[in-house]
Structure formats: structure tokens, C-alpha cells
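Just so you know, the sequences run in chain order R, F and W. Take the first sequence: its letter number 84 is residue 92 in the working numbering, and every next letter is one higher. Take the second sequence: its letter number 179 is residue 882 in the working numbering, and every next letter is one higher. Take the third sequence: its letter number 17 is residue 51 in the working numbering, and every next letter is one higher. Cβ atoms here follow ideal geometry from the backbone N, Cα and C, with glycine treated the same way.
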Amino acid sequence: MGIVSPGFQGRPRSSGPELPPGQYLTEDFPVLSAGPTPRVPMDRWEFVITTETSREHRWTWAELMALPSETPTVDLHCVTKWSKLGTTWQGVSLDTLMSDVDTAADYAFVHSYGGYTTNLPLADLLDGQAWVAYKFDGDDLAPAHGGPARLLVPHLYLWKSAKWVRGIQLRFDDEPGFWETAGYHDYGDPWREQRYQGD
Amino acid sequence: MARAAIPGRLTWRVGKLAEARAETPTARTLVLDVPGWPGHLAGQHVDVRLTAEDGYSTQRSYSIASSADGERVELTIQAVPDGEVSPYLVQTFSPGDPVELRGPVGGWFVWRTSGMDPVLLIAGGSGIVPLMAMIRARRAAGSRVPFRLIYSVRTPDDVYYADELRRRVRDDAGLDVTFVYTRAVPDGWPHPPRRVGVADVNTNGWPPALTPDCYVCGPTAFVETVADILVALGHDPRRVRTERFGPTGG
Amino acid sequence: MSDPHLDGNALAGPLRDVFAVDVTAATSRCASCGQVGAVAALHVYASAPGLVARCPGCEEVVLRMVRTPDAAWLDLRGAVSLRIPM
């Protein structure tokens, strides 16, 4: 630990038993980004699930809007140590999107407009654990926060909730994504503090 | 945490605040004593790390304002509204308090006193800080390289080093300074507030034929606009060096 | 106008933690578009779980750096080469 700066407090924060280890509670919603915000015309936006046999399931924006949606309230945990509790979203469950998808794959490789990628086991996208979310706090999801739509997988660190999501590739192997190839954990469970490779 | 010192790698040093001077109502120059400071080039910066009692820590980068002077390092900090680090450094940090620094760092956005070509400095707001280090280094080295500074600020109250710049224009032969005010102008100013444009750089800069070294520093949008102007006027892009301070510039 | 970002000068400290020389004055060649320029001129996105430096020409990633408690991960696959002045 560095030397203490007398009188320095930093952003209002607290830790508590309801937070994963090493996290601080925040009331803000920090914007973290690895690049410029992608701008995707809505008439060209699509979401594609590609199976291990290259079969594609596609939705345009209108088709996504026509699907039954849910309004989950979830806690967010970012690997940079801030947590935001009780956030409200609207989106389509991955259970709905995967309902007609025939697959034997174990892993999902998620890719976004702008080139961001991340990976996680397919099982972590199912059973009410993940959504393609397009509203936050009652409003359309802002581009800085991943709008028009992002993946939301709150039981893992927030870097797995890919902003500007474009598609998911189902695979037999776990292919590391953008941050996973640069030192971050392949799974990323905040409750086991799996921040980095080897944790 | 003990870590074997690898020769050549930088480690964090501890400096102490010797004194502080207000530059404006919201900006302050910190005069730090840093034991073992190896010296620095004008244009380099330091990373400053603050740690709270619970171990939370955060870092920011600040350009060095002073020219090399033994173990003394000066930083000029602008308090950013809703900032996390700058309000502490401008309002709370007191003489005698310690602070961790890593530096000096940066080897590209520097002016060496051995330089011979004319120098054009263009500052947006707090972007003046590393450029002031260059002006101070020029004087300390007795350099006669012609320097022109175009300094863009919102209002006359936002000017850092106002008295010193006036004195240097008078006393440091070969330094010219032009101000551009973007929100409010001094009494008697010949025109209303406006942003730096092609005419300012054309009239108060150096012609490209003199192959000046150009340094542009300030908020990202300012730097990109001014760098584009320089290139459009015919300056060699390889002679235009930029340092972006992020959206708020401070 | 591109999104708010910093430039490669912001990499100077983190890279100096690892290398004994300043790397921001090095020139890099982008693996995507071939553009050559100073590392200091790369577009840097620093408010992320790591540092990401992108080519000012094509915005593809040139360099990434992540600090973990016991290591620095430096990914340079987006740079064909680095020329470091000695």
C-alpha cells in the first residue's frame, strides 16, 4: 500500500458485507471504455447467435423489440472495484433468444460493434442469468453505457456484460476475449474475486 | 511491499509540499521537494498517487511546470468541479504533507535546450503548464531560440503565471505571447471572445518555412482543432507535438 | 470529432514501470493499416480495466496494458514493430 495522503478521502464509497471482496459501493455510474463509442444506425443493427455448426439466428431491432422482455433489478460489480446495487434494466432474456437454438456447445464468445469481445460458459447465459438489455433506469440505454443494446450478465464482473453487443458465437472451446487475452480472468466471479488470470 | 529495485525501472518517490502559490482562484502551484529527484526535461510529467486511510488509491498525471532545479519540482493543478484528486491537491494538501510521484516520464513531448529551431507553443487552458516549463527552461539555459506562445483561456482571471509572463516578455529577449480569450475579454480588447482559429495561428505563429517545432497542449478537442490548423497551414506534421489532457483539460 | 480520449503521453508512466527507457518517443507501425507514428500520438483510452492505445489513423488497437498485483501484461499484437530511439 502506498503512503497515506493526509486528509485525502476520494470519491464517496463504502464497503460492506453485501459486497464482493475488494469492492466499493458507488452511487455514480462510471463509464469505462476501451475505444470510441460505436454508432450503429438502427436500420442496420442486428443481433446474431451463431452455433458451432455455423447456423445463424438473427434479429433486427424491430424483431428484438417484438420479443417478450423482462425488467430485472440487479447489482453490478466492475473489476475496477466499484459496485452499483439495485440497478433496473429492461431487456430480452437469453433464455428467450436461445429457445429455438439447437446447440451442443459449452462456451459463448461474445462480440460487439467496435470490436470488443469477451467469453463465458454458455450455461452462465441461461437460467435467468443474462439479458440483451436496451433500457437502463427507465430510459433508452445511452451510447456511453452500451446503447442501443448491451449484454447484461450481472453475476460476473461487468467487463463480461459486453456493451454494444452484436452477436454470440457458440463454441466447444473457451476462446479468451479482449481483456481475457490481456490478463483478466476467463470466468470472472466477483464473489471469488476472480479478477486476473491465475486468480 | 518490498520489491527488488530493477536498475532503470522507475519506482514511486515521496515528495513533500514545501510551499504553494495561488495562480487563480481555482488553480494552485505546488512546490515539492523530492529527495533523489534526477532532474527532468521541459514538457515531461509525473504521475501522482493518493492513498486514503482504508487503502483506496488513485492516480493522475500532471505536467511539470518548472525547469529542472535540483530536487525541486513544481506542478500547477487546476481544481476540477466534482474532481476526486484535484480538489484535494488545491484545497487540502498542506505544506509538510507527503505525496507519491512517479517520474519524470514522457520523452516525446519535450523541448531540449539544445534545440535551434524556432518554437511555437499553443496552450488551451491548463495546457499552458508544460509549455511554461519550456519557457522557463529556455531562460535558465540562456537560450536565444525565438519562442512564440499563443495562450487560449476562457477569461483574464483564468491566466496562469500572468505576472511572470508579462515580466518574461519584457526581459527574456525573443519571447512573444498572444492571448486568446474564449468567454470574456479584458476591457478595451479589440474584439469579442472567440476560439483560436486559423488567423490567430497564421498571424501570431511562425511561418512553416522557418520549420518551427510546434507544441500544442490542452483539452483533447482543443488540441485536435489546433493541430489540424497547423497542418492545414503547411507545418510538417512530424514537427507538431501534442499532449491531450482529456475532456476537462485538467 | 472522436470520443474524448488521451494520447500516448499518458502511457509514459505505466510503461516506465516496466521498461528502463521511455517508449513514448518510439515509433510504432499499426498492424491493421500500416500507419507509422509516435507512440505518444496514439489515441489512448485510459478509463478502462487497462490501458488501450489505438491507431490515430484507423482506430484499431495497437497496444494494451494491464497491471495485476504481480505482473504487467503488455499486448503488442496491434503493432508490427516498435522503433525505440537509443
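For Gly806/F, the enclosing beta strand (DSSP E) covers residues Pro801 to Val808.
In this structure Thr761/F is not in contact with Val832/F, their Cβ atoms being roughly 20 Å apart against a cut-off of 8 Å. Gly42/W is not a Cβ neighbour of Gln69/W, given a cutoff of 8 Å.
Comparing C-alpha distances from His748/F to each of Gly810/F, Ile853/F, Thr727/F and Tyr791/F shows the shortest one belongs to Gly810/F. Spatial neighbours of Asp182/R in its own chain (CB-CB distance under 7 Å, excluding positions within 5 residues in sequence) are listed in chain order as Tyr115, Asn127 and Asp194.
Nearest CB-CB separation between Thr914/F and chain W: not below the 8 Å threshold.
Approximately 12 Å separates the beta-carbon atoms of Val717/F and Val776/F; this is outside 8 Å, ruling out the contact.
Annotation for Glu867/F: the continuous alpha helix (DSSP H) segment containing it runs Ala865 to Asp874. With respect to the 8 Å criterion, Pro83/W and Trp167/R are classified as neighbours on the basis of their beta carbons.
Listed in chain order, the non-local C-beta contacts of Ala112/R below 6 Å within the same chain number zero, local neighbours out to five positions each way being set aside. Residue contact check for Val96/W against chain R: no CB pair falls below 8 Å. At least one CB atom of chain W sits nearer than 8 Å to the CB of Thr923/F. Taking the Cα of Pro910/F as reference, the smallest distance to any Cα among Val856/F, Asp931/F and His938/F is reached at His938/F. Under the DSSP assignment, Val888/F falls outside any beta strand (DSSP E); it carries neither an H nor an E label. When C-alpha distances from Tyr121/R are compared across Leu72/R, Gly24/R and Phe55/R, the shortest belongs to Phe55/R.
CA-CA distance, Pro151/R to Phe16/R, rounds to 33 Å.
Residue state for Gly773/F is assigned as coil, using DSSP reduced to three classes.
Excluding five sequence positions before and after Asp56/W, the CB atoms of its chain that fall closer than 7 Å to its own CB belong to Ala46 and Arg50, given in chain order. Around the beta carbon of Asp51/R, fewer than 16 other beta carbons lie within 10 angstroms, which makes this residue exposed.
The Cβ of Pro83/W sits closer than 8 Å to at least one Cβ of chain R. Taking 8 Å as the cut-off, the beta carbon of Leu75/R is found no closer than this to the beta carbon of Val39/R. Taken residue by residue, none of the stretch 854-865 of chain F has a beta-carbon sitting less than 8 Å from a beta-carbon on chain R. Around the CB of His894/F, fewer than 16 other CB atoms lie within 10 Å, so the residue is classed as exposed. Contact note: Pro801/F reaches chain R through Ile11, using a C-beta cutoff of 7 Å and chain order. Under the criterion of beta carbons closer than 8 Å, Gly877/F and Arg847/F qualify as touching, at roughly 6 Å.
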